[in-house]
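Enquirer:
See below:
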């Protein structure tokens with residue numbers, strides 16, 4: 001039962017870390033154009049330099 005005293009704070013810390021990483025990805029525009037990427041992968045022309 002004492003292991004729960006260690007597991008709960010560790011799980012809350014890891015959850016907060018994941019939430020922080022998600023918000024960082026939102027603020028750095030990682031999810032800006034998912035539709036363009038989906039169409040670009042189906043295009044026959046090879047593009048070595050993706051759009052910035």
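Numbering (UniProt numbering), first residue to last: 1 to 52.
Quick reminder that beta carbons are idealized off the backbone N, C-alpha and C, glycines included.
1. Going along the chain, which residues of its own chain have a beta-carbon closer than 6 Å to the beta-carbon of residue 20, five neighbours each way excluded?
2. Find out if the Cβ-Cβ distance for the pair residue 31, residue 25 is shorter than 8 Å.
3. DSSP on residue 22, reduced to helix/strand/coil?
Expert: Per the coordinate set shown:
1. Taking the first residue of the chain shown as 1, we reach residue 20 at position 20. Around residue 20: no qualifying Cβ.
2. Position 31 of the chain shown, counted from the first residue, corresponds to residue 31. Position 25 of the chain shown, counted from the first residue, corresponds to residue 25. Against a cut-off of 8 Å, the Cβ pair of residue 25 and residue 31 comes out as a contact.
3. What you label residue 22 is simply residue 22 of the chain shown in a count that begins at 1. Note: residue 22 maps to helix in three-state DSSP.
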